[in-house]
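**Q**
2 protein chains.
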Amino acid sequence: MAKSTAKQRAEQRRGENGEPTKRRDSEVLDAAAKVFYSRGYAAASVQDIADELNILKGSLYHYIEKKEDLLFWLLKESHDDVESILAEIGASDLPPLEKLREYTRRQVEYTSRNLERMAIYYREATQLSADRHREIASKRRDHERFVAGLIAEAQATGEAKDGGDPALIANFVFGSMIWVYRWYKPGRDLPPAEVAAACADFVLDGVIGSR
Amino acid sequence: MAKSTAKQRAEQRRGENGEPTKRRDSEVLDAAAKVFYSRGYAAASVQDIADELNILKGSLYHYIEKKEDLLFWLLKESHDDVESILAEIGASDLPPLEKLREYTRRQVEYTSRNLERMAIYYREATQLSADRHREIASKRRDHERFVAGLIAEAQATGEAKDGGDPALIANFVFGSMIWVYRWYKPGRDLPPAEVAAACADFVLDGVIGSR
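Next comes the structure, spelled out in structure tokens:
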């Protein structure tokens, strides 16, 4: 009974797509990100997040039904951001390799400016329920298809070496791009825009080939 | 009192360097790897590992003092394997870019044959105590210096493009190599040797440059 009431309240607060309505919701997600990043999702409790927000746990349950909601919304928010990168570049009339350069550059810049969110994304996605994990995984596959498609196009026109399976090469591209979340240290390393440009150079040369 | 006795017994069983003596110890580490991989280190208990081995928890404490010992020995074992790759290639008289190719090829082949161990390595190293984490991190830096050194050599001789900081480029190389542990599926993907050769091609071209 109590659970169903909490659920109803949470649903009232959320929009049609299950996301929290804006206003103080970005504060809630920022607090969840901070707690999940520092303690790990499994060890973090709703109480920890309420403490971070300086509110009562009961108030937090106005926004959510369970801890997993916060993880799902966080991952979905990151995906919404990078989906807009994909959509914009996909709709442009750049040649395939320049699309790949822009995509890599903007993804790496996003990653190096959102290190905690990306760490949560790559560490914790498997903690989602099966349905929600499927939803996130399918969004990820859109990116894999996009990059593999650009590599295939560039191979077909001879702009890139005919060096094997585009989906395999796309995995190496993603490795260089994604791993940034593990090693990048703001202040110690070059600014995001420069790291992003260097990564795009590396990746393009790997795809184009040297001989 | 009881704890100190367990510690003494564990030390008797271990060799001078704190590793477990061989014989059934590889079974213990295999069981720990299986449990840490499937449950995650934080959620796994010594009891889970004893269950996996079909022995009493007390018997397992003949080998270890605490759960963290198993994680440390696992990570150290992986490092010993890849250190021998580094040492062998470092001592060879191949030119720098061929050293980099061999290094990449053998690391990726190792990763794709040891997916669970590598997943534990990259997910859980931060769970170690500060001293042990420092030890593992310093071994990792040897690899970073080795790869950055090869890139610097190849840049100096003009074999690679003079394309910026070798340590930065080394991070992109490691990304392509390491990320294999996240996407590689035996059976679905090409055999380890072919994926490793393709990754080495990609990385070499990224370092050499296309123009």
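Chain order of the listed sequences is A and B. Every number in our numbering is 1090 more than the matching position in the first sequence, counting from 1. Every number in our numbering is 1090 more than the matching position in the second sequence, counting from 1. Glycine included, every Cβ here is placed at the ideal spot set by N, Cα and C. Given the structure is predicted, the values throughout are model-derived calculations rather than measurements.
Taking the Cβ atom as the reference point for each residue, do residue 1240 (chain B) and residue 1276 (chain B) lie within a distance shorter than 8 Å?
**A** Taking 8 Å as the Cβ cut-off, residue 1240 (chain B) and residue 1276 (chain B) do not qualify as a contacting pair.
**Q** In chain order, what residues of the same chain have a beta carbon less than 8 Å from the beta carbon of residue 1296 (chain A), not counting five sequence neighbours either side?
**A** If we look at residue 1296 (chain A) and ignore the five residues flanking it on each side, its Cβ neighbours are 1259, 1262, 1263 and 1266.
**Q** Assuming residue 1199 (chain A) and residue 1133 (chain A) are in contact, meaning their beta carbons sit under 8 Å apart, how far apart are those beta carbons, in whole angstroms?
**A** Not confirmed; about 31 Å, so no contact.
**Q** Just mark residue 1204 (chain A) as buried or exposed, buried being the case when its beta carbon has 16 or more other beta carbons within 10 Å.
**A** So residue 1204 (chain A) counts as buried.
**Q** Cβ closer than 9 Å: which chain B residues qualify as neighbours of residue 1126 (chain A)?
**A** None at all; the shortest Cβ gap to chain B is about 13 Å.
**Q** Using a Cβ-Cβ cut-off of less than 8 Å, list which residues of the region 1154-1176 of chain A approach chain B; keep chain order.
**A** Per Cβ criterion, the list is empty.
**Q** Please go through the same chain and pick out, in chain order, the residues whose beta-carbon is closer than 7 Å to the beta-carbon of residue 1216 (chain A), but skip the five residues on each side of it.
**A** If we look at residue 1216 (chain A) and ignore the five residues flanking it on each side, its Cβ neighbours are 1223.
**Q** Verify whether the separation of the beta carbon atoms of residue 1211 (chain B) and residue 1165 (chain B) is less than 8 Å.
**A** Taking 8 Å as the Cβ cut-off, residue 1211 (chain B) and residue 1165 (chain B) qualify as a contacting pair.
**Q** Are residue 1167 (chain B) and residue 1119 (chain B) touching if we call contact CB-CB under 8 Å?
**A** Contact: yes.
**Q** Which residue spans inside the region 1124-1208 of chain A form an unbroken alpha helix (DSSP H) run of at least 4?
**A** Those alpha helix (DSSP H) runs which fall completely within the region 1124-1208 of chain A and span 4+ residues are 1136-1143, 1147-1150, 1157-1181 and 1186-1203.
**Q** For a cutoff of 8 Å on Cβ pairs, would you count residue 1266 (chain B) as touching chain A?
**A** At least one chain A Cβ lies under 8 Å of residue 1266 (chain B).
**Q** Taking 8 Å as the CB-CB cut-off, is residue 1261 (chain B) touching chain A?
**A** Yes, because at least one Cβ of chain A sits closer than 8 Å to the Cβ of residue 1261 (chain B).
**Q** Given residue 1226 (chain B), which residues of its chain have a CB within under 6 Å of its CB, disregarding the five upstream and five downstream residues?
**A** The answer, listed in chain order, is 1165 and 1215.
**Q** If distances are taken between C-alpha atoms only, which option among A:1293, A:1208, A:1299 and A:1209 comes closest to residue 1248 (chain A)?
**A** Nearest option by C-alpha distance: A:1299.
**Q** Classify residue 1231 (chain A): buried if its beta carbon has 16 or more other beta carbons within 10 angstroms, exposed otherwise.
**A** So residue 1231 (chain A) ends up on the exposed side.
**Q** Show which residues of chain A have a CB atom less than 8 Å away from the CB atom of residue 1145 (chain B).
**A** Near residue 1145 (chain B) there are no residues of chain A at all, since even the closest Cβ is about 27 Å away, more than 8 Å.
**Q** Could you name the residues of chain E that residue 1190 (chain A) contacts, counting a contact when the two beta carbons are closer than 9 Å?
**A** In the structure shown, chain E does not exist; the protein chains are A and B.
**Q** Which value, in whole angstroms, describes the spacing of the CA atoms of residue 1188 (chain B) and residue 1285 (chain B)?
**A** The alpha-carbon atoms of residue 1188 (chain B) and residue 1285 (chain B) are separated by roughly 17 Å.
**Q** Under 8 Å Cβ to Cβ from residue 1288 (chain B), same chain only, skipping five residues before and after it: list those, please.
**A** Excluding sequence neighbours, residue 1288 (chain B) sits near 1280.
**Q** Once you ignore the five residues that flank residue 1169 (chain B) on each side, which residues in its own chain have a CB closer than 6 Å to its CB?
**A** Counting only Cβ-Cβ distances below 6 Å, and skipping sequence neighbours, we find 1229.
**Q** Let me check understanding here. Comparing Cα to Cα, which of B:1145, B:1236, B:1202 and B:1143 lies closest to residue 1181 (chain B)?
**A** The residue with the shortest Cα to Cα distance from residue 1181 (chain B) is B:1236.
**Q** My guess is that residue 1172 (chain B) and residue 1150 (chain B) are in contact by the Cβ rule of under 8 Å, so how many angstroms apart are they, rounded?
**A** Contact doesn't hold; Cβ gap of about 27 Å is too wide.
**Q** Is the beta carbon of residue 1202 (chain B) sitting closer than 8 Å to the one on residue 1270 (chain B)?
**A** Yes; because the gap between Cβ atoms is below 8 Å, this pair is in contact.
**Q** Taking only beta-carbon atoms, is residue 1237 (chain A) less than 8 Å away from chain B?
**A** By this cut-off, residue 1237 (chain A) is not an interface position.
**Q** Could you check if residue 1278 (chain B) is buried or exposed, using at least 16 other CB atoms within 10 Å of its CB as the buried criterion?
**A** It is exposed - the Cβ of residue 1278 (chain B) has fewer than 16 other Cβ atoms within 10 Å.
**Q** With residue 1145 (chain A) and residue 1122 (chain A) assumed to form a contact (beta carbons below 8 Å), what rounded beta-carbon distance in angstroms separates them?
**A** With a Cβ gap of about 13 Å, residue 1145 (chain A) and residue 1122 (chain A) do not count as contacting.
**Q** Is residue 1232 (chain B) close to chain A? Criterion is C-beta to C-beta, closer than 8 Å.
**A** By this cut-off, residue 1232 (chain B) is not an interface position.
**Q** Which class does residue 1278 (chain B) belong to by DSSP, given the choice of helix, strand or coil?
**A** Looking at residue 1278 (chain B) - three-state DSSP - the assignment turns out to be coil, as it is neither helix nor strand.
**Q** Does the beta carbon of residue 1288 (chain A) sit closer than 8 Å to a beta carbon anywhere in chain B?
**A** Closer than 8 Å to some Cβ of chain B, the Cβ of residue 1288 (chain A) qualifies, so yes.
**Q** If the cut-off is 7 Å on Cβ atoms, which residues from the region 1178-1205 of chain A count as contacting chain B, listed in chain order?
**A** Within the region 1178-1205 of chain A, no residue has a Cβ that lies closer than 7 Å to any Cβ of chain B.
**Q** By alpha-carbon positions, which one of A:1148, A:1179 and A:1157 ends up nearest to residue 1125 (chain A)?
**A** The residue with the shortest Cα to Cα distance from residue 1125 (chain A) is A:1157.
**Q** Could you tell me whether any Cβ in chain A is nearer than 8 Å to the Cβ of residue 1252 (chain B)?
**A** No - not a single Cβ of chain A is within 8 Å of the one on residue 1252 (chain B).
**Q** How many angstroms separate the CA atom of residue 1092 (chain A) from the CA atom of residue 1128 (chain B)?
**A** Per-residue confidence for residue 1092 (chain A) stands at a pLDDT of 43, beneath the threshold of 50, marking its modelled position as unreliable; no derived number is given.
**Q** Return the first residue and the last residue of the alpha helix (DSSP H) that residue 1225 (chain A) is part of.
**A** Per DSSP, residue 1225 (chain A) belongs to the alpha helix (DSSP H) from 1220-1246.
**Q** Tell me whether residue 1249 (chain A) sits in a helix, a strand or coil according to DSSP, three-state version.
**A** Of the three classes helix, strand and coil, the one that applies to residue 1249 (chain A) here is coil, per DSSP.
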